[in-house]
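Trainee:
Chains as they are written, first to last, in the numbering used here: chain A, 85 to 201; chain B, 33 to 145.
1) Against chain A, which members of the region 62 to 78 of chain B pass a CB distance test of less than 9 Å?
2) Taking the alpha carbon of residue 50(B) as the reference point, which residue from 134(B), 117(B) and 122(B) has its own alpha carbon closest?
3) Within a Cβ cutoff of 8 Å, which residues of the same chain sit near residue 93(A), ignoring the five residues on either side of it in sequence?
4) Quick one: is residue 181(A) buried, meaning 16 or more other Cβ sit within 10 Å of its Cβ, or exposed?
5) Name the chain B residues whose beta carbon is nearer than 8 Å to that of residue 177(A)?
6) Between which two residues does the beta strand (DSSP E) containing residue 130(A) stretch?
7) Roughly how many angstroms separate the alpha carbons of residue 54(B) and residue 101(A), rounded to a whole number?
8) Does the beta-carbon distance from residue 138(A) to residue 116(A) come in below 8 Å?
9) If you scan the region 83 to 108 of chain B from start to end, which runs of the beta strand (DSSP E) of 3 or more residues do you find wholly inside it?
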């Protein structure tokens, strides 16, 4: 159980275009999901906390207008990278924990590698 | 503020030998501690966690970790390493009243046949 699906796995886009990444909890409900960014040979940087039915909470230094997060249902959160530029190229990973389990571990999607040309 | 330190960028061990991947943490209150593993171009997989109770925690794939409150450590161990254990390992912490999980920098484990 506790499967998180992330799509797409790989995406290549031109500079200036927008890219949407989906994160779905397949067998549990998640009122909160987390979006991370991982640079090569580096740890995960928490970008934002996605809250179902309300605005996302962004970490300091993360541009909310650049990285749009929508959490429209208890099983789906989306991250849209708007007007992407080469410096936005990275590995983006989402995670979730079943609702009500504050002590629980996180379950991660497989990640989405974005390359902006 | 919460923080996690993984002092080793890389750990090399021969197959069949015991392995240890180190982790120390700083958190206010009682910690929830986790270990995750990441294979290339993949998301993270949960290995084990410490919430309360026995200081020695057993997890997936034969891994275990020992919580040491006085040393604020949560080292990951395995009695006999396998080549397939080669991956990137992350230690993570969350405080009892908190919501965010903070990750260490990661330690790359190489197991040589």
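All C-beta atoms, glycine included, are put in the ideal place defined by N, C-alpha and C.
Being a predicted model, the structure only gives us computed values, none of them experimental.
Mentor: According to the data block:
1) 64, 66, 68, 70, 73, 74, 75, 76, 77 and 78
2) 117(B)
3) 194, 195, 196 and 197
4) Classification for residue 181(A): buried.
5) 75 and 76
6) 128 to 135
7) The alpha-carbon of residue 54(B) is positioned some 42 Å away from that of residue 101(A).
8) no
9) 88 to 90 and 96 to 100
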